[in-house]
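Here the structure is laid out as structure tokens; the discussion comes afterwards.
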Amino acid sequence: MKRTSYSSRIITHLLTISFLHGATALNYDGLTLLSLMTDWTIVPPIIDSSWNPSDSNPCSWVGVRCDHANNLISLNLPSQGIFGRLGPEIGNLYHLQNLLLFGNAFSGKVPSELSNCSLLQNLELSENRFSGKIPYTLKNLQKLQFMALASNMLTGEIPDSLFQIQSLEEVSLHSNLLSGPIPTNIGNLTRLLRLYLYGNQLSGTIPTSLGNCSKLEDLEFSFNRLRGEIPVSVWRISSLVHILVHNNSLSRELPFEMTKLKYLKNISLFDNQFSGVTPQSLGINSSIVKLDCMNNKFSGNIPPNICFGKHLLVLNMGINQLQGNIPSDVGRCETLMRLFLNENNFTGSLPDFESNLNLKYMDMSKNKISGRIPSSLGNCTNLTYINLSRNKFARLIPSQLGNLVNLVILDLSNNLEGPLPLQLSNCTKMDHFDVGFNFLNGSVPSSLGSWRNITTLILRENYFTGGIPGFLPNFNNLRELQLGGNLFGGDIPSGIDWIGLQQLQSLDISLNNLTGSIDALGGLVSLIEVNISFNLFHGSVPKGLMNLLNSSPSSFMGNPLLCCSSCIKSVYVNLCVDKSTGHIGISELKIVTIVLGSSICISVPLLIIIRMYLNRDELKRTSDLNKRISNKRGGGRKLPDLHKQVLEATENLNDRYIIGGGAHGIVYKAIICETVCAVKKVEFRRNKQKRLSITRNEVEVLGMFKHRNLIKCLDYWIGNDYGLILYEFMENGSLHDILHEKKPPPPLTWDVRCKIAVGIAQGLLYLHYDCVPPIVHRDIKPKNILVNDNMEPIISDFGTALCKKLSEDSNSHSETRKMLSSRVVGTPGYIAPENAYDVVPGRKSDVYSYGVVLLEIITRKKLLVPSMNDEAEETHIVTWARSVMMETGKIENIVDPYLVSAFPNSITLVKQVNAVLSLALQCTEKDPRKRTTMKVVIGFYNKNLFKMRYDEVQYGDGLVVELMGNGKIQYKKVFGIANLVVPKITYAWSSLIFRPSITGPILTKPFNWFFLSHWGQYRHLQKSLYLQTKSYSSYSISINTNQTEASFQISE
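What follows is the structure in structure tokens.
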């Protein structure tokens, strides 16, 4: 109020002066505008030159419109590049009806004095930098019809006073930082047509009173934290056209009332927790244009008449629990552009597709769809993306797919057979082609050389024959080539310029019948990973592949005639014999014959002996197991009683007691002896020997240790058909549940995440170094990390644990180690890369799995993350994290946004998160020799950095600068600023914050890493400084100051 009276005195003084200068003096509205302009730090020349103080009124000024009495009624200055504040003088424009200032750089608070403009009808302040709360006094604008404060930095709750303006027809508050609930009196706005609240932090439920807005057409609440259901009253608003509520935590079923909305066109519900069956009559009474229900829990069938109105453009129902056949109406929908039904339980066959020139994207992956791929897909000639992978399709790939000349991505990983159609060569825009894991045969057609733009070619795990296609080196953009697991034979073509593949990063030609030299591959300088294992290559490994051989020797295994001249000693590749020694060799054919013959003669008797030994050992282990465990636990166990008690507590293992399960068993919740327990049941009927071995192994391993972060086995029972293992019950479930499944997601502070990360590390350290013999878990993943009531992690599921005296690194192999395992164990994605070829892992394999779990804890993302370049594709979290760091260098693009939001307040938090992220990336190094150990990990967590509090706002040493007015400033060097004093300009990590001064200009703006020694420089450079982005990396900062200047020197 002081400022208002002060500005009024200025205007009064100016009026007096202008009166003394004659009758042509500028009127009150004009003087008010000039007063407003004094708070603008950057004024565009078009305004500066037009707003002439010598005019009698401002009616001819740029952006100004007046009525017949020369009263200012409209101020329209959109996207003019104005910087500064919107001063309280705005309240002096008493005749103002339209205020349109969107797209500028106004900052500070929205002036409460706006409420004095009682005639205001349109208020548009979007796309600025306004901060603070929405003024409560705006309720006085009772003529206001349009209010837009979107795309600013407004905070606090939406004042319920706004919804006392019953004349409002549009309210746009989206893309701010507003929090709290939606006011329940929103039902007062009976004239409301459009309501935009998306992109905030609103919580609570959607008010049922919203149903009183009977004229509402557009409702957008997406990207908030709303929960509960969409009230039925909302679905009864007959005028509703668009309802967008995606990215919330809304739940419950959709009501039948929504099917009666004849104007409804756009329904966007994705990324919520909706469940139940979608009303089956949806689409009959309306002309739905977009239905997006991705990533919910919907069940039942797709509404059969969803395209009844022939207007449907988008049908996204992926990642739900839908089932049944895909309606034939979908195939006849000629308007459809995008069809995503992936990750459901659809069965039956795909419908026939009539000619559709609009359809561009189709994803049916991860269902149970069977039958043929319909040839009618060839009618949809504008298709660019098709993903039918991981279904049960069979028979041939239809040649009609060659009609899809615009096709860019085609993924057909299924049970298909036959050759690749020659017609696919017509798809000259192909970028990604994946037909892996099928039963395709024949040679690769040479006509596919027309795919000159392809970047990914995956033909692995089929029955392709012939030689490696000679046209491959013509694919100059190829980055990934997978030909492994086929019947390719012959030499790698050496007469071809393989150097043309300058962008090839991943090459897999393993498990084929290829022969000859690999010298042709030595010029592929861009290769990051290569796998040529299990072929018949001979000769020396070229120098260009030596780094890959040393980093991943297992990728060269299975080639007995391959050698290297200067490689690290390995059991996979022999050292080359110096020809100067004069040794007489024998022919390669004889060598191969000798090697294969010897292997067969030795292997067959050995397998028979091992089989007999294992059978005898099984009998012995069965009789000794109870005795060993009983001795370790002091006896006193009654196995029959446990079985009986479990059956009684679970009503004969009724399904309603199931609380989880995995590859090795089903977990039940049971109350045994008045204690809540978890009971794992392992069936022996299928693959009895393997499952019985896993059960016995887990019971035996669990009896070897006692540690706070390792699961305790309370009892067990082993029968003929199944076994039971009794554990402590964890109310919080698994780490996977907490990170990814619980809705709404529980907040996880950094100290809780650190506690979980350290606890897992302590458990692994105990297994690796304190147990005799050492134990390697081999299946560390979030689902196997339980969390107790104190948020302590408990490592569980030791069915595949290995108890042997092992070397530190997974890549150190002996003949004994190779005999210890006959299969790869663990969960794909968490298994260390070196374990892909039946290699028993060392401690470093658990370290790799721990690093993957760390990334999930830090990012709160699942194992597979949408690709940076194409969200329809999924990338392993390790690859994704490394790519983001490489491309952006900013940890805030990787870390969970919940943690990032606290970065500005704590240097310690940034440093700790940055350090743990670096640790995760080190743990997941592809080369096990570059990974750390669990001893080093625990030492890492014991550093002083992790003893510091992160949850206190911290300020570094810096400068306090006081604005003195008249363009002068005064500053002094200070240290350890804890309590900020206003009015000041104060340096605090990681920005300069300009705060109000009594005598100087009033500004409140963020300012990245600069300090300007005088006010004129600040005004001149302010616009360019605003364009700089803030990155929360670790910086060291030195401050130099003297009597004339101040500067920051920053090094990362």
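First residue of the sequence shown? That's 1 in the UniProt record's numbering, and the numbers climb one at a time after it. Note that beta-carbon positions come from the ideal geometry of N, C-alpha and C, so glycine has one too.
- With distances taken between CA atoms, Val234 lies nearest to Glu217 out of His246, Asn224 and Glu217.
- Between the stretch 183-192 and the stretch 218-231 there are fewer than three inter-stretch CB-CB distances shorter than 8 angstroms, so the stretches are not counted as touching.
- Annotation: the stretch 833-914 contains the following complete segments of the beta strand (DSSP E) (minimum length 3 residues), in chain order: 864-866 and 874-876.
- It is roughly 49 angstroms from the alpha-carbon of Pro78 to the alpha-carbon of His736.
- Within the stretch 96-171, complete beta strand (DSSP E) segments of at least 3 residues are found at 98-100, 105-109, 122-124, 129-132 and 146-148, given in chain order.
- Shown here for Leu269: same chain residues with a beta carbon closer than 7 angstroms to its own, the five before and five after excluded, namely Val245, His246, Asp292, Cys293 and Asn296 in chain order.
- Excluding residues up to 5 positions away in sequence, Arg479, Glu480, Ser526, Leu527, Ile528 and Glu529 lie with their Cβ nearer than 8 angstroms to the Cβ of Gln505 in the same chain.
- A Cβ-Cβ distance of about 6 angstroms is found for the pair Pro782 and Val853, placing them in contact under the 8 angstroms criterion.
- Within the model, the alpha-carbon separation for His311 versus Leu189 is close to 31 angstroms.
- Within the same chain, Cβ atoms closer than 8 angstroms to the Cβ of Ser365 are found at Asn342, Glu343, Asn387, Leu388, Ser389, Arg390, Asn391 and Asp411, the five residues on either side in sequence being excluded.
- Approximately 6 angstroms separates the beta-carbon atoms of Leu545 and Leu521; this is inside 8 angstroms, confirming the contact.
- Spatial neighbours of Ser370 in its own chain (CB-CB distance under 8 angstroms, excluding positions within 5 residues in sequence) are listed in chain order as Thr347, Gly348, Ser349, Asn391, Lys392, Phe393 and Ala394.
- Out of Met337, Phe308, Thr259 and Ser251, the CA that lies nearest to the CA of Phe298 is found in Ser251.
- Residue environment for Tyr136: exposed (fewer than 16 other C-beta atoms within 10 angstroms of its C-beta).
- Using a Cβ-Cβ distance cut-off of 8 angstroms, the stretch 791-800 and the stretch 749-766 are in contact, since at least three pairs of beta carbons, one from each stretch, lie closer than that value.
- When DSSP states are grouped into helix, strand and coil, Lys706 belongs to the coil group.
- Bridge pairing for Val314: Lys290 and Arg338 [DSSP].
- Distance between Ser131 and Asn104, taken at the CA atoms: about 14 angstroms.
- Here Met147 is near Leu123, since their CB atoms are less than 7 angstroms apart.
- Rounded to the nearest whole angstrom, the CA to CA distance from Leu448 to Ser425 is 5 angstroms.
- Taking all protein chains in view, the Cβ of Cys673 is surrounded by fewer than 16 other Cβ atoms within 10 Å, so the residue is classified as exposed.
- Between Leu724 and Val646 the beta-carbon gap is near 6 angstroms, inside 8 angstroms, which marks them as a contact.
- Counting of Cβ neighbours within 10 angstroms places His68 among the exposed residues, the total staying below 16.
- One Cα belongs to Leu407, the other to Arg338, and the distance between them is close to 14 angstroms.
- Secondary structure remark: continuous alpha helix (DSSP H) runs of at least 4 residues inside the stretch 202-253, in chain order: 232-235.
- DSSP places Cys673 in the coil class of the three-state scheme, outside both helix and strand.
- With 16 or more other Cβ atoms inside 10 Å of its own Cβ, Val776 counts as buried.
- Rounded to whole angstroms, the separation of the alpha carbons of Ser355 and Asn316 is 20 angstroms.
- For a cut-off of 8 angstroms, the C-beta gap from His174 to Gly199 is around 5 angstroms, short enough to register as a contact.
- Glu417 has Phe439 as its beta-bridge partners, per DSSP.
- When DSSP states are grouped into helix, strand and coil, Thr278 belongs to the coil group.
- Per DSSP, the continuous alpha helix (DSSP H) segment holding Ser328 begins and ends at Ser328 to Gly331.
- Distance check between Asn732 and each of Ala678, Asn697 and Asn272 places Ala678 closest, using alpha-carbon atoms only.
- Asp271 counts as buried, since at least 16 other C-beta atoms from the protein chains shown sit within 10 angstroms of its C-beta.
- A distance below 7 angstroms between beta-carbons, with the five flanking residues on each side excluded, links Gly665 to the following residues of its chain, in chain order: Lys680, Lys681 and Val682.
- In the DSSP assignment, Asp751 falls within the alpha helix (DSSP H) that extends over Trp750 to Leu765.
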